[in-house]
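Engineer: Residue numbers (the UniProt record's numbering): 1 to 240. All residues carry an ideal CB built from backbone N, CA and C; glycine is no exception. The model shown is predicted, which means the values in this text are computed figures rather than measured ones.
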Ligand code: NDP
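1) So, for residue 149: in the same chain, excluding its five sequence neighbours on each side, which residues have a beta-carbon less than 7 Å away from its beta-carbon?
2) Using only the alpha-carbon positions, how far apart do residue 67 and residue 76 sit?
3) For residue 9, is the beta carbon positioned less than 7 Å from some heavy atom of ligand 1?
4) Locate the alpha helix (DSSP H) running through residue 225, then write down its first and last residues.
5) How many angstroms separate the CA atom of residue 118 from the CA atom of residue 23?
6) Just reading off the beta strand (DSSP E) that residue 52 is part of, what are its end residues?
7) For residue 31, I'd like the list of residues in its chain whose CB is within less than 6 Å of its CB, leaving aside the five on either flank, ordered along the chain.
8) State the beta-bridge partners of residue 176 as determined by DSSP.
9) How would you call residue 95, buried or exposed, if buried means at least 16 neighbouring beta carbons within 10 angstroms?
10) Return the residue from the list 34, 27, 44 that minimises the CA-CA distance to residue 11.
11) Below 7 Å, is the gap between the Cβ of residue 88 and the nearest heavy atom of ligand 1?
12) Work out the CA separation of residue 29 and residue 1 for me, nearest whole Å.
13) Could you tell me which uninterrupted beta strand (DSSP E) segments, each at least 3 residues in length, are contained entirely in the region 48–118, listed from first to last along the chain?
14) Taking the alpha carbon of residue 25 as the point to measure from, which residue in 236, 223, 217, 82 has its own alpha carbon closest?
15) What distance in whole Å lies between the Cβ atoms of residue 174 and residue 208, which are believed to be in contact at a cut-off of 8 Å?
16) So, is residue 220 buried or exposed, given that buried needs 16 or more other C-beta atoms within 10 angstroms?
17) Please classify residue 208: does DSSP put it in a helix, a strand, or coil?
18) If we require 3 or more residues per run, which beta strand (DSSP E) segments fall completely within the region 18–42?
19) When you compare only the Cα positions, how much space is there between residue 57 and residue 236?
20) From residue 164 to residue 183, what distance separates their C-alpha atoms?
21) Is the beta carbon of residue 81 less than 8 Å from the beta carbon of residue 128?
22) Excluding the 5 residues preceding and the 5 following residue 126 in the sequence, name in chain order all residues of the same chain whose CB lies nearer than 6 Å to its CB.
Have a look at this one:
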């Protein structure tokens with residue numbers, strides 16, 4: 001199991017959970033991170049370490065990765081997937097909520113990358129996968145801050161990729177369209193939730209988290225010298 005460690009944030013639900021199951025089915029050791037550690041443990045995956053992590057907590061991030069690496073060897077792949085999406089007009093969103101989005105969706109990614117990046121650079125191998133969104137490509141109603149966080153993930157990933165390229169470290173930006181998960185759960189405005197539900201119904205739910213996880217896994221399985229730099233993936237009927 002040495003040298004087959006994959007670290008996944010936000011593995012308690014949605015895309016992260018399906019990534020955990022998919023990588024596990026292919027024999028990888030896992031460090032599964034999320035705040036609801038009970039949901040990680042319920043997955044009951046072999047060779048997995050589950051830890052309650054808020055991605056805003058860099059010290060704990062480092063501690064848990066060290067623990068997992070002591071057991072399974074160096075991190076081969078980090079997937080920065082944790083994110084929240086409280087949608088509303090920016091003038092309705094509390095500043096606390098806006099800051100949470102910035103801290104989780106952007107700074108969480110920075111914390112994750114900082115934890116593994118220099119080791120991958122020194123080892124001249126490794127893969128970092130940052131889950132952005134099509135909301136990192138265009139702006140949309142009720143998404144001012146969410147768009148901002150995902151544009152940031154795109155930009156940071158883009159330049160990180162360029163800076164790590166000489167060291168044989170791959171950086172992949174994934175930009176999904178609508179995926180059938182609990183992502184809307186941090187939105188509180190009932191009108192916004194209702195409209196999102198109608199949009200989702202019209203797109204037959206969008207993609208499943210499993211479909212997205214399988215595409216990401218495929219990108220990961222390519223030889224280390226073949227890097228899919230960016231993936232934009234959505235249901236065929238979603239006109240993005
Ligand atoms: P879910 O709500 O199902 O999953 C979100 C995950 O993020 C949960 O496991 C949650 O775990 C975790 N998370 C949230 N906040 C924190 C935190 N502070 N620290 C650690 N973990 C946290 O949504 P998705 O699976 O859809 O979302 C995954 C990613 O995909 C997000 O980055 C999202 O922006 C992106 N995405 C989703 C799309 C969609 O349509 N669903 C479209 C495009 C992108 P816990 O609460 O246990 O901490």
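Structural biologist: Per the coordinate set shown:
1) Once the five neighbours on either side are set aside, the close Cβ partners of residue 149 are 101, 102, 105, 106.
2) Cα to Cα, residue 67 sits roughly 15 Å from residue 76.
3) Because some heavy atom of ligand 1 lies under 7 Å away, the Cβ of residue 9 counts as near it: yes.
4) Premise fails: residue 225 is in no alpha helix (DSSP H) and is neither H nor E.
5) Cα to Cα, residue 118 sits roughly 24 Å from residue 23.
6) Following the DSSP letters along the chain, one finds residue 52 inside the beta strand (DSSP E) bounded by residues 48–52.
7) These residues qualify, in order along the chain: 7, 49, 68.
8) DSSP lists 233 as partners of residue 176.
9) Exposed is the call here.
10) When each option's Cα is compared against that of residue 11, the closest is 34.
11) Residue 88: no, Cβ never under 7 Å from ligand 1.
12) Because the pLDDT of residue 1 is 49, which lies under 50, any placement of that residue in the model is unreliable, and the question is left without a value.
13) If we require 3 residues or more, the beta strand (DSSP E) runs fully inside the region 48–118 come out as 48–52, 75–80.
14) The shortest C-alpha separation from residue 25 is found at 217.
15) 15 Å between Cβ atoms; not a contact.
16) Buried, by the Cβ-count rule.
17) Residue 208: strand per DSSP, three-state reduction.
18) At a cut-off of 3 residues, the continuous stretches assigned as beta strand (DSSP E) that sit fully inside the region 18–42 are 29–34.
19) C-alpha of residue 57 to C-alpha of residue 236: approximately 38 Å in a straight line.
20) C-alpha separation (whole angstroms): 31 Å.
21) By the CB criterion at 8 Å, residue 81 and residue 128 fall outside the cutoff.
22) Non-local C-beta neighbours of residue 126 in its own chain, meaning closer than 6 Å and more than five positions away in sequence, comprise 120, 169, ordered along the chain.
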